[in-house]
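*Asks:* Residue numbers (the working numbering), protein chains in the order written: chain A, 1 to 115; chain B, 1001 to 1111. Cβ coordinates follow ideal geometry from the N, Cα and C atoms, glycine included.
Structure, rendered in C-alpha cells:
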C-alpha cells in the first residue's frame, strides 16, 4: 500500500530536549515536505526536499532542521524545542514536479506538545 | 507574497443540497490547483485536482477553474453528513513543487 508514515503520532516533551520526528514514504517520490498546522494559520511549509541531499527552507524554518540521506526518509529535527513549536506536523511526498499530474500525499500527522 | 484566500465559514447546508466552496489565488503563473478534505485531527486528503480552465467532474464533486479571474471552486452535489469537514484549496507555485494552501472552509452538512 502506497503511504507516508510518521512517528511518533503523539509526543509531549519539555523545552530544550532534542527530538526527531521520522517520515518515510514507499512511493519512490523525489519531492518531500514538512508542514505545521496551527489554528487560524493554516498549513505552513517548514522545509522541503527536491531529492536526496537537496533541502531548502520553506516559510517557517526557524528552530527546525531536516536531512535527506535516503530518498524514502525525511526526518524533522527540533534541536531545542520551545513551546511555540507546539503544533500538528505533517510530512508529505509528491509524485511529480514537471508536467502531468501532481499529487501530494500527506502522512497521518504528529501532534507535538512542548511544555 | 503568494496567497490563496478562502472564506473560513462555517458553510452550513442541508443534506442532499449542493455545497459550493470558493477560493481565489494571487499567483498568475500557477497552473495547478487542488482541493483537499480534512477531517478534524486527520491529515488532508486530495479529492480533486484541476489544471485547465473549465469544469472537472468526479462523482459528486466538480472542480471549476477560471484562470482569468484567478478563481477556483468546488461543488459537492447531494451533500452528505459525512462530507462535513474542512476543505483546503491549494495552488502549486509556478516553477516549484510548493503548494500554497488557503486556510480552509469548514463545511457542515445537516441531516
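#1: Terminal residues of the continuous beta strand (DSSP E) containing residue 1022 (chain B)?
#2: Does the distance from the C-beta atom of residue 27 (chain A) to that of residue 95 (chain A) stay below 8 Å?
#3: At which residues does the beta strand (DSSP E) containing residue 1046 (chain B) begin and terminate?
#4: If residue 1107 (chain B) sits next to residue 1083 (chain B), beta carbons under 8 Å apart, how far is it from one beta carbon to the other, in whole angstroms?
#5: Could you tell me which of A:10, A:9, A:16 and A:7 sits nearest to residue 115 (chain A), measuring between CA atoms?
#6: By Cβ distance below 8 Å, which residues in the same chain neighbour residue 1054 (chain B) in space, the five residues on each side in sequence not counted?
#7: Give the straight-line distance between the Cα atoms of residue 123 (chain A) and residue 1098 (chain B), rounded to the nearest whole angstrom.
#8: Can you find a C-beta in chain B that's less than 8 Å from the C-beta of residue 45 (chain A)?
#9: Let me check understanding here. Comparing Cα to Cα, which of B:1049, B:1037, B:1092 and B:1080 lies closest to residue 1018 (chain B)?
#10: Let's test the definition: count the other Cβ atoms within 10 Å of the Cβ of residue 10 (chain A) and tell me whether it reaches 16, buried, or not, exposed.
#11: Relative to the ligand NAP, is the shortest distance from any of its heavy atoms to the C-beta of residue 1068 (chain B) smaller than 7 Å?
#12: Which residue comes first and which comes last in the beta strand (DSSP E) that contains residue 27 (chain A)?
#13: Give the secondary structure of residue 1055 (chain B) by DSSP, where H, G and I count as helix, E and B as strand, and everything else as coil.
#14: Just curious, the beta strand (DSSP E) that residue 89 (chain A) is in, first and last residue?
#15: Along the segment 1079-1098 of chain B, what residues have a CB closer than 9 Å to any CB found in chain A?
#16: Going along the chain, which residues of its own chain have a beta-carbon closer than 8 Å to the beta-carbon of residue 13 (chain A), five neighbours each way excluded?
#17: Residue 45 (chain A): buried (16+ other C-beta within 10 angstroms of its C-beta) or exposed?
#18: Please give the ranges of any beta strand (DSSP E) in the segment 22-78 of chain A, keeping only runs that are unbroken, at least 3 residues long and fully inside the region.
#19: Roughly how many angstroms separate the alpha carbons of residue 1030 (chain B) and residue 70 (chain A), rounded to a whole number?
#20: Hey, is residue 27 (chain A)'s beta-carbon within less than 8 Å of any beta-carbon in chain B?
#21: Of the residues B:1028, B:1015, B:1032 and B:1037, which one's Cα is nearest the Cα of residue 1021 (chain B)?
#22: With DSSP as the reference, please indicate the residues paired to residue 1077 (chain B) in a beta bridge.
*Replies:* With the given structure in hand:
#1: 1019-1025
#2: yes
#3: 1045-1050
#4: 6 Å
#5: A:16
#6: 1064 and 1065
#7: Lying before the first or after the last residue shown, residue 123 (chain A) is absent from chain A, which here runs from 1 to 115.
#8: yes
#9: B:1080
#10: exposed
#11: With respect to the ligand NAP, the structure offers nothing, as it holds no ligand at all.
#12: That residue, residue 27 (chain A), is in no beta strand (DSSP E); it is neither H nor E in DSSP.
#13: strand
#14: 87-94
#15: 1088, 1090, 1092, 1096, 1097 and 1098
#16: 19, 81, 112, 113, 114 and 115
#17: buried
#18: 31-38, 42-51, 54-57 and 76-78
#19: 30 Å
#20: no
#21: B:1037
#22: Answer is none; residue 1077 (chain B) lacks a bridge partner.
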